[in-house]
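Note sheet for the following structure.
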Amino acid sequence: MTLQDIMTPNGLMAHNDIYIWASYASGAFVLITLALKIWRAKKNDERILRELEQKMRELSKKQV
Amino acid sequence: MHRFANPARFMRLSNLFLPWTIGLTVLLFSLGLYYSFFLAPEDYQMGNTYRIMFLHVPAAYMAQFGYVIIAGASAVGFIWKHPLADQAARATAPMGAAFTALALVTGSLWGKPMWGTYWIWDARLTSMLILFFLYLGYMAVWQTIEDTARAARIASIVSLVGIVNVVIIKFSVDWWHSLHQPASLIRMNGPTIGGDMLIALLLMIGAFNMFFITLVMWRIQSLILRRRIGTLRQQLGGGHIS
């Protein structure tokens, strides 16, 4: 099968197309959203930790 | 196992593994989707609609695999008090819930053209829905109980009780009459599908596994960082940086 077969009226798009594409669209949505959410949360935690470590360093310098 | 239970060592090792798991995820998804759409032939009964299988089956496998991981890690955390075990179990839950939801949605979208309905209270479908609620319940325990040790203990019990449902999911199509087809991949006499269909399915399962491993590592890293953040905030006298 070629990409052209998918896009032509008699190809994949013609028969039960809505169910196939809805499945893959929902799959892409779930997987991309999940990956982005988890990656962003990790980046945010890294940023907060860096800021707190910086604050700790400044505090210990002041105490010295 | 004890070596990996050290959070600092986990952070170091996971940072080494992550570029490889991300690369493999992209590679396996690219190959899997190419095989699924371009190389796997049309099914003689279901036509092209069967291609939903390449998404539905890996999602359903990962939904069950995720729960087995949670139960296993919870048992380790409950019995041997490994510092990372409870975090690993907790980190896995959102992915498991998302894969279960995806399996239910793609299953419904496959069911409509094949069975004429999006949903039926069939043993396989119902037990998958129960799995979804178990994931939600497990996550709710972690969200609602502030004392981490107590939350870990109760969440462990929830996950260990719920493991029975995974066994029910696996054998539901053998134990009860079901519209759902019986196992076609993991069975005593070998897979009932072959050729490019099997390759496509295995590639997609591999891609889902790598994706899952990548996300779990990110989540565990995040949970470890949050513990450090909590400790630093206490040392700084409860001051908050946002």
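Protein chains in written order, with the working numbering: chain H, 1 to 64; chain S, 1 to 242. Every residue gets a Cβ at the ideal spot worked out from N, C-alpha and C, and that includes glycine.
Where residue i falls, given that 16 or more other Cβ within 10 Å makes a residue buried
i	result
S/Arg9	exposed
S/Pro94	buried
S/Thr106	buried
S/Asp147	exposed
H/Ala28	exposed
S/Ile79	exposed
S/Gly23	exposed
H/Lys37	exposed
S/Phe17	exposed
S/Ala149	exposed
S/His56	buried
Endpoints, the alpha helix (DSSP H) within which residue i is located
i	result
S/Gln64	53-80
S/Trp142	123-144
S/Phe99	85-115
S/Pro41	It is not in any alpha helix (DSSP H) - S/Pro41 carries neither H nor E in the DSSP assignment.
H/Asn44	17-63
S/Met11	7-34
Cutoff 8 angstroms: residue i Cβ touching any chain H Cβ
i	result
S/Asn48	yes
S/Pro113	yes
S/Gln64	no
S/Leu225	yes
S/Val105	yes
S/Ile193	no
S/Trp176	no
S/Arg150	no
S/Gln235	yes
S/Gln87	no
S/Ile213	no
S/Trp80	no
S/Ala12	In the sequence as presented, Ala is not what sits at residue 12 of chain S; that position holds Arg. Closer than 8 angstroms: no.
S/Gln221	yes
S/Ile229	yes
S/Ile52	yes
S/Leu55	yes
Inter-residue spacing [alpha-carbon to alpha-carbon] between residue i and residue j
i	j	result
S/Lys170	H/Met56	52 angstroms
S/Leu31	H/Ser60	53 angstroms
S/Ile193	S/Ala40	11 angstroms
S/Trp115	S/Val173	16 angstroms
S/Ala200	S/Met217	26 angstroms
H/Asp17	S/Thr49	8 angstroms
S/Arg228	H/Val30	30 angstroms
S/Gln45	S/Val161	40 angstroms
H/Lys42	S/Gln221	7 angstroms
S/Thr214	S/Leu104	23 angstroms
S/Asp196	S/Leu225	43 angstroms
S/Ala75	S/Trp121	32 angstroms
S/Ile154	S/Val141	7 angstroms
S/Met6	S/Gln234	A small fix is needed here, since residue 6 of chain S is Asn in this sequence, not Met. In a straight line, the C-alpha of S/Asn6 is about 22 angstroms away from that of S/Gln234.
S/Ser14	S/Trp20	10 angstroms
S/Phe37	H/Trp21	11 angstroms
Any C-beta of chain S under 8 angstroms from that of residue i
i	result
H/Leu31	yes
H/Ser60	no
H/Leu36	no
(request) At 4 residues or longer, and completely inside the region 161-240 of chain S: list those alpha helix (DSSP H) runs for me, N to C. (result) Every alpha helix (DSSP H) of 4 residues or more that sits fully in the region 161-240 of chain S is shown, in chain order, as 195-235.
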